[in-house]
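The opening position of the sequence shown corresponds to residue 0 in numbering that gives the first Met the number 0, with each subsequent residue numbered one higher. A quick write-up on the structure given underneath.
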Amino acid sequence: MDDDPVIRVLARQALAALDFSVEEAEDGESALEALAQSPPDLVLLDVEMPGIDGFETCARLRALDVGREIPVLMATGRTDSETIDRAFQVGATDFIKKPLDWQLLQHRVRFVMRASHAFGELRQTLADLRNSQQRLASAQRLAGIGHWEWTPGERQMLWSEELYRILGVEPRAGASTLDAFLSAVHADDRERLEKALRRAAAESTPWSLDHRIVPASGSQRVVHHRAEVNRGASGAAELISGTVQDVTERRRSEERIRYLAYYDTVTALPNRRMLSEYLTRVIEQGSQDDHRFALLYLNLDRFKRINDTLGHAIGDELLRRVATRLTTRVRTTDYVGHVRTEHAATISRLAGAEFALVLSEIASPEDAAPVARRVLEILDEPFEIEGHELALTAKVGIAVYPGDGSDPNTLMRSANAAMDHAKRDSREGYRFFSESMNERALRCLELENHLRSAAERDELVLHYQPQLDVSSGAITGVEALARWDSEHFGFVSPGEFIPLAEETGLIGPIGDWVLRAACSQARQWLDAGLPPLRIGINVSSHQVRKGTLLETVARLLEESNLEPGLVELEITESALLGDEPEVGQTLEGLKTLGVRLALDDFGTGYSSLSHVARFPIDCLKIDRSFVSRIHVDEQANAVILAMLAMARRLRIQVVAEGVETEEQEAFLRSEGCDLLQGFRIARPLKVEALEDLLRRR
Ligand code: C2E
Ligand code: MG
Ligand code: MG
């Protein structure tokens, strides 16, 4: 573009030599018009022109869309810095001095073309880069992945856009520090992350871990965090880079999937699959030989009818209510007579109207029967749902591990079979899988039913077994032993009915009856003019723990006007186990009353010595199991000698129980045992027989 036609011709020649095709214009306006029509690869522009000058033309050209990137070479007669500045300001790519040196022009044009080409490529690359950065950022945003880079030892880190979002940090210069990162991490997870970072720096080990993020605002997230280490030439960690992926939603849906797979959606109880896995675990964990547990299958009778007549909504609600009653009201203490930590049975819903209970802490298989009865009793109370009063009955099948199956499937089949059996023949509403268990459970139940009224019906009696005082050779005491002469079962041994009474809570009234009967007997003997006899009365650990023992004994002593020193309460070690202060208080109270305390079955318990020293005991009763081994095994002799020595030191009397033979008697006499009790002296006797014996002596 030049107003001088000669220059235009010469320029055309020079440019044509470089294989340019050339368009000419004689002023700015027409040049811009032509340019807009078909943009050239290069503009050669004269500065001094009539009309709009070269500067103005260049500026307008740059303002056009097509003209923004065309290289413009300006020709000017003036090369003062002001002119040159101006040329670059309006967007010239380069300038050349007038008068034009045609050869120089050719070089300059070639150079400008090459530079502009290279520049164009760079621009393209930058644009591509920007695009791909944007794409990466949006991909990271979509995937919830943030990215960071960190040079070990430095405070500052490099964070991607998405990472700021995940951490809940405002993107500001200098915000992306290691400290800022760590303080966004849940306090309980921070140490783990720090440790991983330190390890990565020290040992160049990549890692991945899941942790929680607590953003300054917004809710807690779970992230999956991975890191890699770039090692320098020396092998040391130079740069650690990591990705942080927000997996909160995924975890949530995993949990949901797990929930759906393992829980029943109606009742929120574990389902059959969960039960099966739980049983597998229980079986694997129980290593001891006596490990047993019971599986109870419960089926609601005619549940389908409720569903059909009242609709599924009410049916579902009923199932939920059943689930609630079972989970809140069936407890292990329902079936374990001894004091233990109470915990709920594990309950699941299997299908339709079928539930399962696992009793993992049973001492003996029969323990499952009272739970089954309890379950049936709980369901017996009618349910009230939306104005309907619904009565339910149910059947329970019981299988016991390992007898009825040593794997979950067999056990479940057995429990199911037992339940079917209960449906057909349901006197009690529940059945054990094995017949022998049914008989035992039935006997237990019947015994229990009759035991309730045994005291009222005068079926209990006391027999008395004499105790011989070694030094005086006189009978100075007796032990009262309960007997149940049942109209229904015949004679039942206390070994059978006392534990049953303890489990069912009947020990309370029975124990009271024994205490009263023994005291009144002692009174009668005194009234009949017999010499005062010490009377041993067995007291169960339940009575000791219940807290009314002291009161009862005090009242009975007063009623029968007995000297307290004549009453000796026999307590087993198990009553002293545990640290309840009440037990100590009760014993102290009894001591204050003046009653004697004997430790029964000594040696069969646990930490014998410490109990003797800790409690106000007057007398030890060495258990029959030691006495019967005198001279049979040397160790038994040694143990008895140790017990005698200890008792002497503590000034406690010793009674040997179950003395049967002459050798046993001789050994015990020679070693200084105070009192002897056993068949060798006399069997437990009825009142009359005892009185005869005392008179004869
Ligand atoms: P225990 O208190 O250790 O009573 C001693 C047991 O050994 C009695 O059995 C007695 O008959 C038996 N026995 C005594 N001498 C000999 C002997 O020389 N050889 C053999 N083989 N046995 C002998 P029993 O009467 O069957 O009582 C068993 C357990 O029942 C008692 O053991 C006691 O723990 C409990 N018991 C009995 N009566 C009562 C009671 O009224 N209340 C409570 N809570 N428990 C009682
Ligand atoms: Mg006893
Ligand atoms: Mg005993």
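We put the beta carbon where it would ideally sit given N, CA and C, even for glycine.
- The three-state reading of DSSP puts valine 460 in strand, counting E and B together.
- In the displayed model, threonine 660 falls within coil according to three-state DSSP, outside both helix and strand.
- Take alanine 200, set aside five residues on each side of it, and the residues of its chain with a beta-carbon closer than 6 Å to its own are Pro151 and Ala236, in chain order.
- From the listed residues Glu22, Asp178, Ala10 and Gln464, the smallest Cα separation to lysine 97 is found for Ala10.
- Environment of ligand 2, chain-ordered: Asn537, Glu569 and Asp599, taking every residue with Cβ within less than 5 Å of a heavy atom.
- Here the segment 360-374 lies against the segment 390-403, with 3 or more beta-carbon pairs under 8 Å apart.
- In terms of Cα proximity to isoleucine 144, the closest of Pro205, Arg67, Arg220 and Leu589 is Arg220.
- At the C-beta level, arginine 696 and isoleucine 474 come within 8 Å of one another.
- Checking the 7 Å criterion, the Cβ of phenylalanine 678 is within range of a heavy atom belonging to ligand 1.
- Taken atom to atom, the span from the alpha-carbon of serine 669 to that of asparagine 636 is near 12 Å.
- By the criterion of a C-beta distance shorter than 7 Å, phenylalanine 625 is surrounded in its chain by Gly602, Ala635, Val638 and Ile639, once the five residues flanking it on both sides are discounted.
- Distances from the alpha-carbon of aspartate 484 to those of Ala350, Asp457 and Ala62 put Asp457 closest.
- Its Cα nearest to that of alanine 16, the residue Gln105 stands out among Gln105, Ala62, Pro70 and Leu60.
- Put simply, of Met642, Ile497, Arg77 and Ala688 the residue whose alpha carbon is nearest the alpha carbon of arginine 482 is Ile497.
- Beta-bridge annotation (DSSP): isoleucine 384 is paired with His387.
- DSSP places glutamine 676 in no alpha helix (DSSP H); its state is neither H nor E.
- Membership of aspartate 526 in the alpha helix (DSSP H) is indicated by the continuous run 506-526.
- The Cβ-Cβ distance between arginine 319 and valine 265 falls below 8 Å.
- Excluding residues up to 5 positions away in sequence, nothing lies with its Cβ nearer than 7 Å to the Cβ of glutamate 495 in the same chain.
- Residue range 474-485 is occupied by the beta strand (DSSP E) that includes arginine 482.
- Judged by DSSP secondary structure, alanine 371 falls outside any beta strand (DSSP E) and instead within the alpha helix (DSSP H) spanning 367-379.
- Arginine 211 carries a strand assignment under DSSP once its states are collapsed to helix, strand and coil.
- The segment 291-306 makes contact with the segment 347-356: 3 or more CB pairs, one atom from each, lie closer than 8 Å.
- Distance between glutamine 523 and phenylalanine 432, taken at the CA atoms: about 52 Å.
- Pairing phenylalanine 488 with leucine 446 gives a Cβ-Cβ distance under 8 Å.
- An exposed status is given to threonine 279, since fewer than 16 other beta-carbon atoms sit within 10 Å of its beta-carbon.
- For alanine 226, the enclosing beta strand (DSSP E) stretches over residues 220-230.
- DSSP places lysine 545 in the uninterrupted alpha helix (DSSP H) bounded by 540-545.
- The beta-carbon distance between glutamate 656 and glycine 677, rounded to whole angstroms, is 6 Å. This is short enough to meet the 8 Å contact definition.
- Between the C-alpha atoms of glutamate 562 and glutamine 520 there is a straight-line separation of about 13 Å.
- When DSSP states are grouped into helix, strand and coil, alanine 655 belongs to the strand group.
- Burial state of isoleucine 534 is buried, judged by a 10 Å Cβ sphere holding 16 or more other Cβ atoms.
- Judged by DSSP in its simplified three-state form, phenylalanine 292 adopts strand.
- Take the alpha-carbon of arginine 304 and the one of threonine 345: they are about 28 Å apart.
- Here the segment 549-568 makes no contact with the segment 497-509; the two share fewer than three CB pairs at distances below 8 Å.
- In the assembly as shown, arginine 372 is a buried residue. Its beta-carbon has 16 or more other beta-carbons within 10 Å.
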